[in-house]
Amino acid sequence: MAVGIFDSGLGGLTVLDAVQKRLPDLPILYYGDNAHTPYGTREPEDIYNLTTAGVQAMFDRGCDLVILACNTASAAALRRMQEGWVPEGKRVLGVFVPLIEALTERNWGDNSPPREVAVNDVALFATPATVSSRAFQRELAFRAIGVDVEAQPCGGVVDAIEDGDMILAEALVRSHVDALKRRMPKPQAAILGCTHYPLVEDVFRAALGDEVAVYSQPSLVAESLADYLERRPEMLGTGEAAFLTTGDPKSVEAKATLFLRRKITFEGVE
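Residue 237 in the working numbering sits at position 231 of the sequence shown, with consecutive numbering throughout.
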């Protein structure tokens, strides 16, 4: 009955950490599909199949509510899952909504027509699959008008982080920021549209400059989840926290411990 957090690999641990700080008594089942990471360069059908397989495994473990802490899965699979796959009594939520709520300063339950918002020029940094899906722009258009979104596919960043090569990851971030700023020299806001990116958030911030407001997902998702569970207490769940991976548990444990600076024990799954 734990709340589930699904990710293609290690990025969702940034969301897990924020949720545990915001809701320390909440039991969480974490599922990292490390055997198939990264999702960001895969085809949409492949992403959908991998995501539904992972979420089904979490449902089978008793989760009633699963957060897709993977932006690529949220972009490529979530809408299709919600429209025809999620069983009755179960819920699957994505990570775009809290970002858009924060950016537009309006609640997702606000169904009034789109309107102008304070921010006009937005830089989106995400995986190639998330960028090509245009899911962020589509969801934003339901709430805001007059916002110019310049999207930068950040190839290689997730791979470098998953491999533990932070020097390469940081170099790639600076390169991607430079590429975007050649097309949009003065963004007002920047969206870090991948849950791996908080691990190099300081590099994004330094490359973008102090005048750019940076929106990072973990704390926004944690706050949104707390609000959701307050409105839907039947989804709170009970039980013990657990960590599952389709990869090699020892290798994943070592990287997770390095990122979170605390010991986490993973159980291997098929």
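A virtual CB, placed ideally from N, CA and C, is assigned to each residue, including glycine.
Paired residues, beta bridge with residue i - DSSP
i      : result
GLN143 : BP columns for GLN143 are empty, so no partner.
ASP23  : Answer by DSSP bridge pairing: none, since ASP23 is not bridged.
GLU156 : ALA129
ALA8   : According to DSSP, ALA8 bridges with nothing at all.
ALA150 : ARG121
LEU74  : PHE12
VAL137 : DSSP, once it has assigned bridges, lists no residue as partnering VAL137.
VAL5   : Only positions 7 to 276 of the chain appear in the structure, and residue 5 is not among them; the question remains open.
Supposed contact pair residue j and residue i - C-beta distance, whole angstroms, cut 8 Å
i      : j      : result
GLY60  : TYR37  : 5 Å
LEU29  : ILE11  : Not a contact, Cβ separation roughly 12 Å.
ALA196 : VAL179 : No, ALA196 and VAL179 are not in contact; Cβ-Cβ is about 11 Å, not under 8 Å.
ALA135 : THR78  : 5 Å
PRO193 : VAL128 : 6 Å
ASN126 : VAL153 : 6 Å
ASN40  : THR252 : 6 Å
HIS202 : ILE167 : 5 Å
VAL227 : ALA81  : Not really, about 15 Å apart at Cβ, beyond 8 Å.
VAL9   : LEU71  : 5 Å
LEU250 : GLU276 : With 8 Å as the limit, LEU250 and GLU276 do not qualify as a contact, their Cβ atoms being about 10 Å apart.
MET205 : SER222 : Residue identity differs from the one stated: residue 205 is Leu in this sequence, not Met. With a Cβ gap of about 10 Å, LEU205 and SER222 do not count as contacting.
LEU130 : VAL101 : That belief does not hold up - the Cβ atoms of LEU130 and VAL101 are roughly 13 Å apart, past 8 Å.
GLU111 : VAL123 : 7 Å
VAL220 : GLY46  : Rounded, the Cβ-Cβ distance is 20 Å, inconsistent with contact.
LEU295 : ALA248 : Limits of the chain in this structure are 7 at one end and 276 at the other, which puts residue 295 out of reach.
Buried versus exposed call for residue i [16 or more other C-beta atoms within 10 Å across all chains shown]
i      : result
GLN158 : buried
PHE148 : exposed
ASP66  : exposed
SER257 : exposed
PRO191 : exposed
LEU231 : buried
ARG188 : exposed
ARG121 : exposed
LYS261 : buried
GLU236 : exposed
GLU107 : buried
PRO239 : exposed
ARG268 : exposed
PRO119 : exposed
GLU176 : buried
Given residue i as reference, the closest of the options once Cα atoms are compared
i      : options                           : result
ASP31  : VAL123, ILE53 and GLU246          : GLU246
GLY162 : PHE142, ALA132, PRO191 and GLU145 : ALA132
GLN143 : PRO255, GLU207 and LEU105         : LEU105
LEU186 : ASP165, VAL155 and THR271         : VAL155
VAL183 : ASP169, ARG211 and GLU240         : ARG211
PRO33  : GLY68, ASP52 and GLU49            : GLY68
ASN117 : LEU146, GLU89 and ARG86           : LEU146
PRO44  : ASP208, GLU240, GLN62 and ASP169  : ASP169
MET172 : PRO239, LEU264, HIS42 and GLY95   : LEU264
VAL92  : CYS76, GLN62 and LEU109           : GLN62
ASP52  : LEU109, ALA108, GLN26 and SER14   : SER14
LYS27  : GLU89, ASP216, ILE270 and PRO224  : PRO224
ARG140 : PRO50, LEU266, GLU94 and GLU259   : PRO50
Cβ-heavy atom distance, residue i to the ligand ATP, below 7 Å
i     : result
LEU84 : This structure lacks the ligand ATP, and indeed carries no ligand of any kind.
Worksheet item: Can you give, in chain order, each stretch of the beta strand (DSSP E) that sits fully within the region 242-275 and has at least 3 residues?
Response: 248-251
Item to complete: Only counting runs of 3 or more residues, tell me where the beta strand (DSSP E) segments fall wholly within the region 160-244, in order along the chain.
Response: 195-198 and 219-221, all fully within the region 160-244.
Discussion item. Just to confirm the assignment: which complete beta strand (DSSP E) runs, minimum length 3, are found wholly within the region 30-68?
Written reply: 34-38
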